[in-house]
Amino acid sequence: MMRIAFMIYFINALELASTQIKCGMPAYPVRESDDNLNRIIGGWEARPHSLPWQLYVLLGYKAGVAACGGTIIQLKPGNSTNLALTAAHCLVDQSTLRQLKPENVTVIAGAHNIAILSERTHKIYSVKSIAIHQNFKNSGVHDIALIILQSPILFSTRTQPICLPDGDEIPKRKCWVAGWGYTSITGDSYPILLMTSTPNIFYGNETHFAENFRKYIFLAGSENGGAYRGDSGGPLFCKMNNVYVQYGIVSVRSRSHPPGSISVYTRLSTSSEERQIDLASTTVGQLAQPFVNSNRNVYMDCYFTSYSTVQHLFEHDLTAIGTVFVHRRDVLACLRKAARRNSYSTLAVYEQNRKVTMINYVPRKNSNNVLLLTSCHAKLTVDNQQGDIRPNIMNGYNLGKRGVDSKDARI
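Mapped onto mature numbering (1 follows the signal peptide of the UniProt record, and there is no 0), the consecutive letters of the sequence shown carry residue numbers -19 to -1, 1 to 392.
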């Protein structure tokens, strides 16, 4: 009997692995309202694993251990990710005002009752690196950070990414916040995942925030309850066309309202391309920080490459090479299409004002063209040894990336 059960589990796992997981579409229905309020403050227990993007982030501060929330996000196709989104202030030790080291942060996915360590759905992840927004000043603005995990989170019915917004408008209804934070002002954190609706989303009259910061923050909650201590870093998410989309990150308490009611949220509702550039630039900048002014070269794949990132690195004496998505708006029109181009043909454009070169290479007739953006100063030579004429700079990229694109596949 046990063998049959294992085979069923194995077959289900294979089916899941072969199916592209879609963001914001949980396998278990979300309990969007409840008359029996347990309080997050003012909320109810989430249906187990109905919020599969929710993360519990353990933090080792100098003064002791604390916790924040977070979310699973995905920036490239596939059935796994090593990226988690949270609040920047969670990753700063307030007693020293220093960023936590990766070894002081642990991420738990697939949890419902965080107090039951033996809960078999718990998956514990070590952290490889932390990327705090470069403009975060511990003031509630730009309160966003990426956590890069040592090993990827494999998607399942209990661990899935949440969608990120494509536009600027934040819905004014059908939105919620969730977390394991305090359930009362004088109480303690709650081990079971709770959620509550946020009927009011507005920009208020927060005098401690300048007017131009409003594109980065918003207020949400109600006088009856909302996010509180321990919920920081968790998501404010809304239902759009039966898909759940994260529009905000729990940041700080609003000074104009009672604790546990209205909170300040970091806004995620910028265009998807601008958001990806912002997150990617922050990540690359943080990872490259130890090598500033070292005259080294940075290799990136298309999920992190942008003009702004390459130029930022160049200003700090770091050259860069990276593949680029063809559909990006800042790619020149002449480099977008491979139609009517010969196999193994190369088109290169040097943009003097940006000090960068973009190279378009067609590996085979009617195949996807490969775009490469670089700030390296090198002659555009080709490799004739294997019968093709692939640019040597692309061979150099393959070598730097340990063989990525060795089959001329678009990355």
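Cβ coordinates follow ideal geometry from the N, Cα and C atoms, glycine included.
None of the values given here were measured: they were computed from a predicted structure.
Practice item. Using the Cα positions of R391 and L353, report the straight-line distance between them to the nearest angstrom. Key: Note that R391 scores a pLDDT of 33, beneath 50, so its modelled location is shaky and nothing firm can be said.
Check your understanding: For the segment 109 to 118 against the segment 37 to 55, are there 3 or more C-beta pairs whose distance is under 8 Å?
Key -> Not touching, per the Cβ criterion.
Review point. DSSP state of S132, grouped into three classes?
Key: Strand, per DSSP.
Point to revise | Simplified DSSP state of N63, which is helix, strand or coil | key: Strand at N63.
Exercise for review: Spell out the partners DSSP gives A329 in its beta bridges.
Suggested key: Paired residue(s): I340.
Practice item. Using DSSP bridges, identify the partner residues of residue 393. Key: Absent from the model: residue 393. The displayed extent of the chain is -19 to 392, so no value can be given.
Practice item. Within 10 angstroms of the Cβ of P33, are there 16 or more other Cβ atoms? Answer buried if so, exposed if not. Key: P33 is buried by the Cβ-count criterion.
Check your understanding: With a cut-off of 8 Å, do at least 3 Cβ pairs link the segment 146 to 156 to the segment 94 to 107?
Key -> The segment 146 to 156 is not in contact with the segment 94 to 107.
Review point. Since V291 is in the alpha helix (DSSP H), which residue starts that stretch and which ends it?
Key: In the DSSP assignment, V291 falls within the unbroken alpha helix (DSSP H) covering 288 to 296.
Practice item. State whether the segment 122 to 130 contacts the segment 62 to 73, with contact taken as three or more CB pairs (one from each stretch) at a distance under 8 Å. Key: With the cut-off at 8 Å, the segment 122 to 130 and the segment 62 to 73 touch.
Exercise for review: Tell me whether G133 is buried or exposed, calling it buried when 16 or more other Cβ atoms sit within 10 Å of its Cβ.
Suggested key: The sequence given here has Pro at residue 133, not Gly. Per the 10 Å Cβ criterion, exposed.
Check your understanding: Just checking my contact of Y197 with V122 at CB under 8 Å: how many whole Å lie between their CB atoms?
Key -> A Cβ-Cβ distance of about 5 Å is found for the pair Y197 and V122, placing them in contact under the 8 Å criterion.
Practice item. Determine the contact status of L145 and I89, defining contact as a CB-CB distance below 8 Å. Key: No, they are not a contact pair.
Check your understanding: Just checking my contact of G91 with R139 at CB under 8 Å: how many whole Å lie between their CB atoms?
Key -> Contact between G91 and R139 holds: their C-beta atoms lie close to 4 Å from each other, under 8 Å.
Review point. So what does DSSP say about C219, is it helix, strand or coil?
Key: DSSP places C219 within a strand segment (E or B) once states are collapsed to three.
Practice item. Compare the C-alpha of D282 against each of P142, M375, L39 and name the closest. Key: For D282, the closest alpha carbon among the candidates P142, M375, L39 is that of M375.
Exercise for review: Below 8 Å on the Cβ atoms is my guess for L40 versus L81; work out the distance and round it to an integer in Å.
Suggested key: In this structure, L40 and L81 form a Cβ contact; the two beta carbons are roughly 6 Å apart against a cut-off of 8 Å.
Exercise for review: Pick helix, strand or coil for G51, following the three-state DSSP scheme.
Suggested key: The three-state reading of DSSP puts G51 in strand, counting E and B together.
Practice item. Please go through the same chain and pick out, in chain order, the residues whose beta-carbon is closer than 8 Å to the beta-carbon of I143, but skip the five residues on each side of it. Key: Excluding sequence neighbours, I143 sits near C4, G5, W34, T52, I53, I54, P216, F218, Y225, V226, Q227.
Practice item. Please work out which residues of its chain come closer than 7 Å, Cβ to Cβ, to H103, disregarding the five sequence neighbours upstream and downstream, and give them in chain order. Key: Excluding residues up to 5 positions away in sequence, I89, G91, A92 lie with their Cβ nearer than 7 Å to the Cβ of H103 in the same chain.
Check your understanding: Closest by CA to T300, which one among V307, F306, Y288?
Key -> Closest by C-alpha distance to T300, out of V307, F306, Y288, is Y288.
Review point. When DSSP labels each residue in this structure, what does I105 get in the three-state scheme?
Key: I105: strand per DSSP, three-state reduction.
Review point. What whole-angstrom Cβ distance do V351 and S324 have, given they're in contact under 8 Å?
Key: Contact doesn't hold; Cβ gap of about 12 Å is too wide.
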